[in-house]
Every structure is written in C-alpha cells, then in structure tokens.
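Undergrad: I have a structure I would like to understand better, so I am pasting it below and will then ask my questions one at a time.
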Amino acid sequence: MVSSAAGGSTKNCILLCWRWQRDMEVSLGTFLRTDSSPESLDTQPGANLMYSINDRPPWYLCVLLGLQHYILAFGGILSIPLILAKPLCIEDNYAAKGQLISTIFFVSGICTVLQTTFGTRLPILQGGTFTFITPTLAILALPKWKCPEEGLTPDPNSTGLFPQVQGAILVASLLQVTLGLSGLVGLVLKLIGPLAITPTISLIGLSLFIQVGQRAGAHWGIAALTVCLILLFSQYLSKVDVPVITFKDKKWKVFRYPLFKLFSALFGMCGAWLVCFLLTYFNALPTSTTEYGYRARTDISLDAFSSAAWFFLPYPGQWGLPTVSFSSVLGMMAGVLASTMESIGDYYACARLSGAPPPPTHAINRGIAVEGLGCILAALWGSGNGTTSYSQNIAALGITRVGSRLVLQTAGLLMVILGLFGKFSAVFITIPDPVIGGMFLVMFGMITAVGISNLQYIDLNSPRNLLILGFSTFSGLVLPTWFHSNPDMINTGISELDQLIMILFTTHMFIGGLFGFILDNTIPGSDEERGTKRWREKLHNGTETYFSDQSCYDLPFCMAFLHRHKFLQERTFKNHETINFDLKVFKPFTLSADTFKKNSPCP
C-alpha cells in the first residue's frame, strides 16, 4: 500500500507523471516491446507498465491484445474437448465434437467477463481446467458408460454421458461457491501444504500418459516434430525478438516483439500441421485406415468443416438435463479443490503484473465464488469441463506491459463471438492426432513439473518429507491402475457404493492428494521442515508503491450499500485484510517514487 507519510500529494504526483509519460509514448506499438532485453521484464515484472489495471487503452489496442490473449489460451482450451471426445463417445461424431469446441470457448469467454467484472476484477482469463479431466475420465470409465463398438456413432443426447458429467460438475462447483461466499478459503488452505499440493498437481499430468501415447503413437515422427518445434520457439528462440516496423510520432520506427515466446505452442502446432498437409497432398502418408501413420493425414476430418454450420449458438441443456450421482459428485470435488488452490496463486501473480496491490480477502473470496459460478455455467451449457484461471495469460501481462482489465474483458468478448461460428471451431477438428499428441507431451509435462516445483519450499533432506512425497505420488499411480484393471473386484452389493469406490480410487489426483494431506498433517514435523512457513510468509511489508490502491478490487456498483453491512464487508465485498499465504509465494512488485523521478518531470 502507498505510504501516507507524504500525504496524498506524492502518490498523486507519481500517478499523474507516469500517465503523462505513458500518453506521450503510447501509439500503435504499445503492445510491442521497445526493450530488447527480455530479462528486464522477467526480473522486474510489472515495471514500466504502459497501462495498469484501471486504465482504458484505445479500442484498437484492446482488440489486438485481446486477440493475443485468446491465442495464448487457445492450445489449453482446445486440448480439453479433444481429450474428452473419445470417452464421451463422439470421437467420430464431427458435428458433436465441433459443438463441444464451440461451447467451451463460448463459456470460457462468459466466465472471463464475469471474473474481470464481478470476481477479483483482475485482468485474468478463464478457460477449461485440467483438474477436472482426471475425475471426468474416472466417471466415464465405469462399465455402465462404455462406448458402443467401434464404427458406431451414437447420438450424444441418448448416451447419458454428457448429463452425468454435467451433473457432477454442477453440484461439485457449489462447494467452490460456498468456499468463496463463506470466506472459508483461508481456513481450508491453512491445512494444505506443499506436500499435499505436489502429488495432486503432478498426478494430473502423469495420469494422462496413456491418452498422450495413443495420440502421439499415431505417427511418432510427426509427434516428435511437433515437440521439437515447440521447444525451438519456446526455449531456443525465446529471447529472439522479431523486429516490427510501425508508424509513430510522424515517423517510422522499429519495435521488437517477442513473437516466438508468446506463440510458441501455436507456431509449433501449425508448423507440424503444415507438414502433415504437405505429406497428405503429395500422398506420402498411408491411405488405408489400418496402416500406421494414417491418422497423420489432414483430409480425414474434412467432412467436419463442410458439414458444420456457419453460425451456432450454444445453449443450456443442449446435451440434455444434468443427472446427479453422489459418487460422481464426490470424485469431482477433488478437481474443484485443486482448481481453487491453483487459482489463488494466479491471483497474486496477476495483481503483481497488472499494477495492483496484493488481493485482499474479499477479492480472493469473490474470485473463488465467481469461478464456482463459472463452473456451474459450464455444466449447464455442457462444455464437459469447468473453468479456472490461465497462468500463461498472466505471464503475457508482463511481456506486453499492458495490465488493463479492459483488455481481458475484450478477450472474453472475442471468445464468445468466435465461439458462435461453427466453421471456425470445425477447423480445429482437422488437426491430426500425432500433432495433438506432440502438443500434449509438452503441455502435460509442464503440468507435472509445475506440481513438482512446489517442493522448493520443503526440506528435501528430511526423511519424513521424502516418505510422504514418495508414498503419496506412487500410490496415486498404483491404486488407480489396479482398480482400472480389476473393476470386477469391487462388489459390495450396493451399486452406488461400488461406483463411489471406483471413481475415487481411479482418480489419481484424489489418491495422491489425500495421502499427502493426511500424512503431512499427522506425522510430526516443524513448519520449516514442512515448508509451510515459507509458503505462507507475508506478501508485503506495507512500504510498496503501486499504480492503484485496493479500490481496484471494489465492485463497479453498489459499494455504498455494501460498505454499510459488516457481514458483507468481512466476506466478499469490502476491504478487510490480505490473505497472508500464497500457493506460489509470489513477491509483489515494487515501484518506488525514486524510480519515477529519474524519468519524469515530476519534482
């Protein structure tokens, strides 16, 4: 928070002078980097922002940057319906697959607008979450939901698969809404440490190796090419900025733009896709469905594009009314809790990069509640998934130097609009399986690594910690594998109980997270040993200067009414206190008055 030692004049002078500098510099190239050193943004995230959280960039800049955020989230959102297509029995139903893709983009756009307007009000994008995939696959793996024989294309409205998943997500998401509205988020997270988080998150990636292998194994050469291209753009060329010419201040100037760093996954996928197209065009790939490499052809799913409607409006209940099963709901709650914990860390990172102070309790609670509401909307519309915050889009705030809330609201609107065009969604169905498999190899490997990265806070020389980590992670692989292989061994005489056991014990992240949570909270160990002390350390010492005060977290209306009610002040709407722990221990960026005095006319 801004110190009041010098009164309000120092703060106002800083903000006015910074805005004066920004307005003199910003033009068409505002979203292009003028600093050729990428380290400057990595070491001082949030520094030299062109637009902070409450600022309103020109409309054309909002559209350009909004489209960029859409493209950044594209790979992660698209991969979810592609993973779920086979267990939902729509692998060969191109119309239904295109409808599912349109729906998840459409709902993600709505949830982004809701989160940036009524949730945390941070510039944070919402999209499909991988934490829901594992419990969803466990539900759909039950014998009663087995797909018909290969070659048959059942009507998705008659299988009951979509309603079962929708019902589980809908009811489980009520837990997330309750955690947010009641203010219980802090209480729940006080019991959860790195040793519970690590197996939970890492097993999301590890549990999907079979699905990834099936896709990539359709043609290992194409999959390897996809991986190599993504690695080339994201790592080897990440510090290579592409010169871009733009007209500014009545003359032409050259800006440098981190093109490869921002769009590495998109470029890698499109490059491999182009190679598949050329191989198909010159008949270098097999034409028989039984031959190895056939799935690398780009003409397999052309009917999906030709038969898709130009305009499609997703609507609630398009797959049927949700059905609720206690066992499915309980399994999905594991995904809800994991998504909640992941999002809180993202909130702090987003605040740091957008020029806002660390989010107070009321903003955290409101953000979690709105995420739960977004998951409910996703369940009603039938996206087959929920929504959560996207970390890759948060990183883009530091690269573009634009942390405006309005840009992400524009991105949400673009997702809604593009989700209405059926032809646009159908294009992505033609992506060959090995290209998708190569993208999954990198993506799920990163998810696994993100989970493991939480170990930086614990004492890895402690036998206690090594035992908890090894046992919980290994059990999260062994038990689900055994239950998948021996479904007939579970026979209690009560079908609902059998389903509950099967869903819970075939959900990798639930098993790993449960064992990690129980052992970490029952085996004696100091806070330093467990890593909880570093994990929950104070986020700020009260001496930082930000581009905005905590009013940026207030709702856009009704604040006078909410300020008069103490109950609401302490829960979800008014400033109360900042949560003093963070999943990823993001240190908020600081910009002192001296920083501005060097580069501005402010005395």
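Residue 722 in my numbering sits at position 586 of the sequence shown; the count goes up by one each step and never skips.
Quick reminder that beta carbons are idealized off the backbone N, C-alpha and C, glycines included.
1) What separation, rounded to the nearest whole angstrom, lies between the Cα atoms of residue 222 and residue 509?
2) Enumerated in chain order, which unbroken segments of the alpha helix (DSSP H) with a length of 4 residues or greater are wholly contained in the region 379 to 438?
3) Could you check whether residue 256 and residue 491 sit closer than 8 Å to each other, using their CB atoms as the reference points?
4) Measuring CB to CB, does residue 358 end up less than 8 Å from residue 570?
5) At the level of alpha carbons, what is the spacing between residue 392 and residue 692?
6) If you reduce the DSSP assignment to three classes, tell me which class residue 262 lands in.
7) With DSSP run on the structure shown, which of helix, strand or coil describes residue 199?
8) Per DSSP, residue 552 is paired with what?
9) Once you ignore the five residues that flank residue 679 on each side, which residues in its own chain have a CB closer than 6 Å to its CB?
10) Are any of the Cβ atoms in chain B nearer than 8 Å to that of residue 562?
11) I'd like to know if the region 402 to 417 and the region 568 to 588 are in contact, where contact means that at least 3 CB-CB pairs between them fall below 8 Å.
12) Going by beta carbon distance, what residues of the same chain come within less than 7 Å of residue 638, once the five residues before and after it are set aside?
13) Thinking C-beta only, is residue 470 closer than 8 Å to residue 646?
14) Does the region 255 to 272 come within contact of the region 475 to 485, defined as at least 3 CB pairs closer than 8 Å?
15) Could you tell me the alpha carbon to alpha carbon distance between residue 341 and residue 581, rounded to whole angstroms?
16) Check the DSSP bridge columns for residue 187 and list the partner residues they point to.
17) Give the single residue among 664, 523, 635, 668 whose Cα lies nearest to the Cα of residue 460.
18) Starting from residue 486, follow the alpha helix (DSSP H) in both directions and report where the run begins and ends.
19) Does the distance from the C-beta atom of residue 305 to that of residue 477 stay below 8 Å?
20) Tell me residue 525's beta-bridge partners as DSSP assigns them.
21) Does the Cβ-Cβ distance between residue 519 and residue 240 come in under 8 Å?
22) Does residue 383 pass the burial test, meaning 16 or more other C-beta atoms within 10 Å, or should it be called exposed?
23) Would you call the region 327 to 345 and the region 548 to 555 touching, i.e. three or more CB-CB distances under 8 Å?
24) Got a sec, what are the start and stop residues for the alpha helix (DSSP H) residue 670 sits in?
25) Within its chain, find whatever has a CB closer than 8 Å to the CB of residue 565; leave out the 5 residues flanking it on each side and keep chain order.
26) Does the Cβ of residue 671 have 16 or more other Cβ atoms within 10 Å, making it buried, or fewer, making it exposed?
27) Between the alpha carbons of residue 317 and residue 409, how many angstroms are there, rounded?
28) Contact between the region 593 to 601 and the region 652 to 663: three or more CB pairs below 8 Å?
29) State yes or no: is the C-beta of residue 204 within less than 8 Å of the C-beta of residue 398?
30) Leaving aside the five residues before and after residue 562 along the sequence, list all residues of the same chain whose C-beta is less than 6 Å from its C-beta, in chain order.
31) Can you give me the Cβ contacts of residue 369 inside the same chain, cut-off strictly under 7 Å, excluding the 5 residues immediately before and after it?
32) Quick one, which of 269, 500, 686 has its alpha-carbon nearest residue 345's?
33) Tell me whether residue 228 sits in a helix, a strand or coil according to DSSP, three-state version.
34) Taking buried to mean at least 16 other C-beta atoms within 10 Å of its own C-beta, is residue 522 buried or exposed?
35) For my contact list, residue 551 and residue 206 are in at a C-beta cut-off of 8 Å; report their separation, rounded to the angstrom.
36) What does the alpha-carbon distance come out to for the pair residue 411 and residue 373?
TA: This is what the structure gives:
1) Straight-line Cα distance between these residues: approximately 27 Å.
2) Taking only runs of at least 4 residues, the alpha helix (DSSP H) segments lying wholly in the region 379 to 438 are 395 to 398, 400 to 417.
3) In this structure, residue 256 does not lie closer than 8 Å to residue 491 by Cβ.
4) Residue 358 places its beta carbon less than 8 Å from that of residue 570.
5) Roughly 36 Å between the two C-alpha positions.
6) Residue 262 carries a strand assignment under DSSP once its states are collapsed to helix, strand and coil.
7) Here residue 199 carries a helix assignment [DSSP, helix/strand/coil].
8) Under DSSP, residue 552 takes part in no beta bridge, so it has no partner.
9) Note that residue 679 scores a pLDDT of 39, beneath 50, so its modelled location is shaky; the value from the coordinates is reported in the next line. Correct list: empty, nothing qualifies.
10) You won't find chain B in this structure, because it holds only one protein chain.
11) Here the region 402 to 417 makes contact with the region 568 to 588; the two share three or more CB pairs at distances below 8 Å.
12) Within the same chain, 278, 619, 623, 626 come within 7 Å of residue 638 by CB-CB distance, once the 5 residues on both sides are set aside.
13) A contact, by the Cβ cut-off of 8 Å.
14) They touch, by the three-pair rule.
15) Residue 341 and residue 581: Cα-Cα distance of roughly 6 Å.
16) Residue 187 is bridged by DSSP to 538.
17) Nearest option by C-alpha distance: 635.
18) Counting along the chain, the unbroken alpha helix (DSSP H) around residue 486 starts and ends at 462 to 489.
19) No; because the gap between Cβ atoms is not below 8 Å, this pair is not in contact.
20) According to DSSP, which records beta bridges pairwise, residue 525 is partnered with 262.
21) Yes, the Cβ-Cβ distance between residue 519 and residue 240 is below 8 Å.
22) Per the 10 Å Cβ criterion, exposed.
23) Because the criterion of three Cβ pairs below 8 Å is not met, the region 327 to 345 and the region 548 to 555 do not touch.
24) Start and end: 668 to 671.
25) Take residue 565, set aside five residues on each side of it, and the residues of its chain with a beta-carbon closer than 8 Å to its own are 230, 233, 234, 237, 437, 440, 441, in chain order.
26) Residue 671 counts as buried, since at least 16 other C-beta atoms from the protein chains shown sit within 10 angstroms of its C-beta.
27) A straight line joining the alpha-carbon of residue 317 with that of residue 409 spans about 45 Å.
28) Yes: at least three Cβ pairs fall under 8 Å.
29) Contact check for residue 204 against residue 398 passes: the beta carbons are separated by less than 8 Å.
30) Exclusion of the five residues before and after residue 562 leaves 234, 440, 441, 444 as the residues of its chain whose Cβ lies within less than 6 Å of its Cβ.
31) Non-local C-beta neighbours of residue 369 in its own chain, meaning closer than 7 Å and more than five positions away in sequence, comprise 396, 400, 403, 404, ordered along the chain.
32) Residue 269 holds the alpha-carbon nearest to the alpha-carbon of residue 345 among 269, 500, 686.
33) Note: residue 228 maps to coil in three-state DSSP.
34) Residue 522 comes out buried.
35) The pair is a contact, with the Cβ atoms about 6 Å apart (cut-off 8 Å).
36) Between the alpha carbons of residue 411 and residue 373 lies a distance of about 20 Å.
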